[in-house]
Amino acid sequence: MKVLVTYSSGYGTTKEVAEKIAGILDQTHGLVVTVKSIDDVSGIQEFDGIIIGSSVRADRPLANVRDFFARYSSELAQKQLAIFAVCLAANSSEGCDRVKKEYIAQITAKYPRLKPICTQAFGGKIDFDQLNPVMQQLMKSVLKKIGIATEGSVDMRNWDLIEAWAVELREKLQKAA
Ligand SMILES: Cc1cc2nc3c(=O)[nH]c(=O)nc-3n(C[C@H](O)[C@H](O)[C@H](O)COP(=O)(O)O)c2cc1C
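Position one of the sequence shown corresponds to residue 3 (the numbering used here), numbered consecutively onward.
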């Protein structure tokens, strides 16, 4: 089975998560895995499985991910599909549930023919001092809502959770192959 892991990432956090997931999917015979930025994907016909990861800005998956779903929704309905989000709101199990219900569901509700085999939300990372003043202002309101300090650097990625999800996904893809 050919699997594409594709991601949209503003500052590299989601890219690193996608690469980790792709590395775990690749640890088996039978899955041939490609990992790519969503901006570099020019077609999905050759793939049987598509794993799509997005970070979140202002309560929405990134625009190029939304565009990707709009462009490929019919084709994606025929694939083994999994979706993950990486963001600060997913900093607890309740936060993960909220991200799945409020952010990932924006996509699944819009394209009801899509039946993902797995969806998941992972905590993200932010380096507040690296953001430009406009982004800092935007982030201040986001972080206040989530209840996280509005300075310094926070990395909320739980690599054990990411790895466990990738193993579960690998098993589902192997069964479907
Ligand atoms: C401008 C901006 C807006 C953000 N808005 C949200 C948000 O609404 N909810 C949230 O949980 N995280 C939000 N975040 C946090 C990012 O989703 C998080 O930092 C993520 O790890 C970034 O991943 P990336 O480097 O792959 O883009 C925002 C980050 C930025 C820079």
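A virtual CB, placed ideally from N, CA and C, is assigned to each residue, including glycine.
Among the options, which residue has its Cα nearest to the Cα of residue i?
i: A166; options: L27, A79, K147; result: L27
i: Y13; options: G51, F86, I109, D129; result: D129
i: K4; options: E48, S39, N134; result: E48
i: D131; options: K174, E153, K112, T110; result: E153
i: Y9; options: K38, P63, Q122; result: K38
i: L108; options: S75, G125, R62; result: The identity of residue 108 in the sequence shown is Gln, whereas the question assumes Leu. Q108 has its Cα closest to that of R62, out of S75, G125, R62.
i: L78; options: K117, A178, L175, V35; result: K117
i: K146; options: A60, P114, A84; result: A60
Identify whether residue i lies in helix, strand or coil by the three-state DSSP scheme.
i: F130; result: helix
i: L6; result: strand
i: P135; result: helix
i: Y105; result: helix
Should residue i be labelled buried (16 or more other beta-carbon atoms within 10 Å of its own) or exposed?
i: G45; result: exposed
i: R172; result: buried
i: R159; result: buried
i: T30; result: exposed
i: K127; result: buried
i: Q80; result: exposed
i: V136; result: exposed
i: A168; result: buried
i: Q139; result: exposed
When DSSP builds the beta bridges, which residues end up paired with residue i?
i: E121; result: Looking at the sequence shown, residue 121 is not Glu but Thr. T121 is bridged to I85.
i: D99; result: Its beta-bridge partners do not exist; DSSP assigns none.
i: D157; result: K127
i: P63; result: V58
i: I148; result: I148 is not bridged to any residue.
i: I52; result: L6, L83
ask   = What are the start and end residues of each continuous beta strand (DSSP E) run of 3 or more residues lying completely inside the segment 11 to 49, in chain order?
value = 34 to 39
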